[in-house]
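Residue numbers (our numbering): 17 to 188.
Comments concern the structure below.
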């Protein structure tokens, strides 16, 4: 029984010594390269830094880090991106602030109330209840005798509260 305890003790000591020596901060020096594999070092081979590489150091091709990039499925970063379909082409009324639009005429009294609006670019449009208008994408809620009521939904970014704001555009 004494021999077994002694052999276990020696084995544990050897293992702990091996672990302690493998955790040291010094790295072992690589074996010198064979003369047939040695490569003549030129200034082009030196790193762009302050020349920290040792004079006779040679990188083995198997240990060099190889980096590759696979562009499959990714957009070409050097190609000009295709423009998205402009919102102004879909609905030009959403490109202007409500204060920039001019209410020219209102046809009121029938079941289909219509307002004639002139944009800053000189073009005109007919507004009906439910149409989208303005930079904040408000909806025409009501068309009255001398004004248009537009309802905009505003989300407060701090509290995330939803506010419904009614704005009016008066005929001038």
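Ideal placement from N, C-alpha and C gives every residue a C-beta, glycine not left out.
From the DSSP output, read off the bridge partner residues of residue i.
| i | result |
| --- | --- |
| residue 154 | 149 |
| residue 186 | 163 |
| residue 178 | 171 |
| residue 123 | 130 |
| residue 143 | 131 |
| residue 25 | Paired residue(s): none; residue 25 is not in a bridge. |
How big is the Cα-Cα spacing for residue i and residue j?
| i | j | result |
| --- | --- | --- |
| residue 102 | residue 108 | 10 Å |
| residue 170 | residue 180 | 6 Å |
| residue 122 | residue 91 | 49 Å |
| residue 156 | residue 139 | 19 Å |
| residue 166 | residue 96 | 38 Å |
| residue 145 | residue 174 | 31 Å |
Tell me where the beta strand (DSSP E) around residue i begins and ends.
| i | result |
| --- | --- |
| residue 83 | No beta strand (DSSP E) holds residue 83; DSSP gives it neither H nor E. |
Whose C-beta lies closer than 6 Å to the C-beta of residue i among residues of the same chain, with five residues either side of it excluded?
| i | result |
| --- | --- |
| residue 141 | 109 and 133 |
| residue 168 | 152, 154 and 181 |
| residue 118 | 134 |
Residues in its own chain within less than 7 Å of residue i by CB, not counting five upstream and five downstream?
| i | result |
| --- | --- |
| residue 82 | none |
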